[in-house]
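Here the protein sequences line up with chains A and B, keeping their order. Numbering follows this note's numbering, with no gaps: position 135 of the first sequence is 135. Numbering follows this note's numbering, with no gaps: position 127 of the second sequence is 342. Backbone N, C-alpha and C fix where the C-beta goes; we use that ideal spot for every residue, glycine too. Bear in mind that the values here come from a model prediction, so they are computed numbers and not experimental data.
There are 2 protein chains.
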Amino acid sequence: MFSRHRLLAGETLYRKGEAFQVVHTVRSGSLKSSMTLADGRTQVCGFHLPGEVVGLDGMADGLYQTTSTALEDTQTCAVVYVPLLALSQRLRSVQQSLHRLMGHEVSRTQWHMLLLGSMTAPERLAAFLLDLSRRAAARGYSPIEFNLRMTRSDIGSYLGIRAETVCRVLRGFKAMNLLEVDARHIRFLDLPAFARSYSATLNWRPAAPLAGRCA
Amino acid sequence: MFSRHRLLAGETLYRKGEAFQVVHTVRSGSLKSSMTLADGRTQVCGFHLPGEVVGLDGMADGLYQTTSTALEDTQTCAVVYVPLLALSQRLRSVQQSLHRLMGHEVSRTQWHMLLLGSMTAPERLAAFLLDLSRRAAARGYSPIEFNLRMTRSDIGSYLGIRAETVCRVLRGFKAMNLLEVDARHIRFLDLPAFARSYSATLNWRPAAPLAGRCA
DNA sequence: CGGAAGATTGAGCGTAGTCAAACCGAGTGG
DNA sequence: CCACTCGGTTTGACTACGCTCAATCTTCCG
Numbered sequence: 001m002f003s004r005h006r007l008l009a010g011e012t013l014y015r016k017g018e019a020f021q022v023v024h025t026v027r028s029g030s031l032k033s034s035m036t037l038a039d040g041r042t043q044v045c046g047f048h049l050p051g052e053v054v055g056l057d058g059m060a061d062g063l064y065q066t067t068s069t070a071l072e073d074t075q076t077c078a079v080v081y082v083p084l085l086a087l088s089q090r091l092r093s094v095q096q097s098l099h100r101l102m103g104h105e106v107s108r109t110q111w112h113m114l115l116l117g118s119m120t121a122p123e124r125l126a127a128f129l130l131d132l133s134r135r136a137a138a139r140g141y142s143p144i145e146f147n148l149r150m151t152r153s154d155i156g157s158y159l160g161i162r163a164e165t166v167c168r169v170l171r172g173f174k175a176m177n178l179l180e181v182d183a184r185h186i187r188f189l190d191l192p193a194f195a196r197s198y199s200a201t202l203n204w205r206p207a208a209p210l211a212g213r214c215a
Numbered sequence: 216m217f218s219r220h221r222l223l224a225g226e227t228l229y230r231k232g233e234a235f236q237v238v239h240t241v242r243s244g245s246l247k248s249s250m251t252l253a254d255g256r257t258q259v260c261g262f263h264l265p266g267e268v269v270g271l272d273g274m275a276d277g278l279y280q281t282t283s284t285a286l287e288d289t290q291t292c293a294v295v296y297v298p299l300l301a302l303s304q305r306l307r308s309v310q311q312s313l314h315r316l317m318g319h320e321v322s323r324t325q326w327h328m329l330l331l332g333s334m335t336a337p338e339r340l341a342a343f344l345l346d347l348s349r350r351a352a353a354r355g356y357s358p359i360e361f362n363l364r365m366t367r368s369d370i371g372s373y374l375g376i377r378a379e380t381v382c383r384v385l386r387g388f389k390a391m392n393l394l395e396v397d398a399r400h401i402r403f404l405d406l407p408a409f410a411r412s413y414s415a416t417l418n419w420r421p422a423a424p425l426a427g428r429c430a
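Spelled out as structure tokens, the structure:
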């Protein structure tokens, strides 16, 4: 029912269209999941950090809808879906975890629709950074200082803006003394103030990790 | 376990923050679900037609994340969640339907992220119209001719553009002899051609309705 | 009939996109 | 150890798509 996976940066965990057999929990490293249009335009749908769950989008009709790619050396724990289903029929707690997880996936993507449909570029980037900050804190790391694991293009795609715009907006934040940016390292100079000025963008909290451990 | 609800245009089925108790299937009429930012900007997250299911976003943590509003006189069938859970533990088919439904909700919103993040205004509107066309067909109505139940503002919000842009793009389609627009009535003049020219935007298919009937 | 909400259209503007060049850092191989 | 390459990042100049604001028109109800 459980198995380990090891990926190098750039390798895929699964691809759009593959048969959905397992969901994964991230043990270390990080992933992005993305969709692609016929003409090559792609949209990053999410970034996945340790403790989080990937692959639920395959549940709709047994085929993955996105492609999941490692951003760095990454280890996951694959959980086979069919026995998980059976287990959730016997154990109410498993059923509940599974439903909460899926519910969170729904509300996370809905919240992201709000971001993509209604926010300006600086608001999007602020929401993104605050989200990463919170997720870092949730895993026991500093919320005011962390490294981005993804490229500017990935960030831009995720936020519906261009990589160049990501650069310019970061420069803007820097100029306003809101944060320090050194390549992929981010440090907030006054996180509460930053959060306050973009509080409208601060609205969503991460899901609790799947109960139970990797075998 | 089941109960009927009747709404007039503009009335809400549930509001963000309310306790999640039930999911609804739409029996007649139509609804929109939306999220709102602190400063009043809103994002329409979806439109819901007869046969479709509303309210799954409450599953994340027991509170609805969106507000669901009737676009016209509407009837729904409410299904109480707790007994539904119990039922899904006994009947594999119910469990399966529920999971597929949630999976579809995930992939629908992911697909919409792609639209909001990567497509131009005409592409978005084309995707929207083609989606409505397909859903009309799925319910046994003409895919080439139908009435919009929502305002231009709602469409714009849903697509991440302004109502004025919706008008202008519709006028553009009209000028290209792709379709006729009379207020809220849409008629495709050559649906296959239209679908072909915007095939990149055509990528998602609707969920099967929830098995079983309203008591 | 009158009022309100929605739809349409136009003019002008601004945010973010495009294109292109320079820069940087990490690997690789001579 | 340095030169070279290659992806990724940064910056600038210019453009354009879609937004804003405002006026007008239409439709729908009370």
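- Within the same chain, K32, F47, L71 come within 7 Å of M150/A by CB-CB distance, once the 5 residues on both sides are set aside.
- A straight-line Cα-Cα distance of about 24 Å links R139/A and G10/A.
- Taking a Cβ-Cβ threshold of 9 Å, the residues of chain B close to S199/A are A253, in chain order.
- Put simply, the backbone Cα of L63/A is about 8 Å away from that of D57/A.
- For the pair L37/A and S333/B, the CB atoms are nearer than the 8 Å cut-off.
- In this chain, the beta strand (DSSP E) harbouring D182/A covers 179 to 182.
- In the DSSP assignment, Q75/A falls within the beta strand (DSSP E) that extends over 74 to 80.
- V22/A is bridged by DSSP to V80/A.
- For the stretch 99 to 114 of chain A, the residues whose beta carbon sits under 8 Å from a beta carbon of chain B are, in order, H99, R100, M102, G103, H104, E105, V106, S107, T109, Q110, W111, H112, M113, L114.
- Close to chain B, meaning a Cβ-Cβ distance shorter than 7 Å, are the following residues of the stretch 24 to 52 of chain A: M35, L37, A38, D39, R41, Q43, C45.
- Using a CB distance below 8 Å, the part of the stretch 264 to 294 of chain B facing chain A consists of L271, D272, G273, M274, A275, D276, Q280, T281, ordered along the chain.
- Around L300/B, the beta-carbon contacts reaching into chain A at under 9 Å are R92, Q95, Q96, H99.
- The criterion of a C-beta distance shorter than 8 Å is satisfied by S249/B and T284/B.
- Going by beta carbons, L330/B and A342/B fall inside the 8 Å limit.
- Closest option to T257/B, judged by alpha-carbon separation, among T281/B, L394/B, R383/B: T281/B.
- Inclusion of I144/A and R187/A in the CB contact set at 8 Å is warranted, their separation being smaller than that value.
- In the structure shown, the three-state DSSP call for I161/A is coil.
- For the C-beta of L344/B, not a single chain A residue is nearer than 9 Å; the gap to the nearest is close to 18 Å.
- Burial check for E164/A: the Cβ neighbour count within 10 Å stays below 16, so the residue is exposed.
- With its beta carbon at least 8 Å from every one in chain B, L132/A lies outside the interface.
- DSSP links G46/A through a beta bridge to S33/A.
- In the three-state reduction of the DSSP assignment, R402/B falls in the strand class.
- At a beta-carbon threshold of 8 Å, the residues of chain A lying near L331/B are M113, L116, G117, G160, ordered along the chain.
- Put simply, of L347/B, V396/B, F388/B the residue whose alpha carbon is nearest the alpha carbon of A408/B is F388/B.
- Out of G160/A, K16/A, R134/A, L129/A, the CA that lies nearest to the CA of L148/A is found in L129/A.
- The Cβ atoms of S157/A and V44/A sit closer than 8 Å to each other.
- According to DSSP, residue pairing for F361/B in a beta bridge involves I401/B.
- A straight line joining the alpha-carbon of D288/B with that of V169/A spans about 45 Å.
- For Q21/A, the nearest beta carbon of chain B is not closer than 8 Å to its own beta carbon.
- For T324/B, the three-state secondary structure derived from DSSP is helix.
- M1/A places its beta carbon 8 Å or farther from that of P122/A.
- Within chain B, the residues placing a beta-carbon under 9 Å from that of S157/A are G332, S333, ordered along the chain.
- Distance check between N392/B and each of D405/B, C382/B, R399/B, L316/B places D405/B closest, using alpha-carbon atoms only.
- A distance of 8 Å or more separates the beta carbons of A200/A and D346/B.
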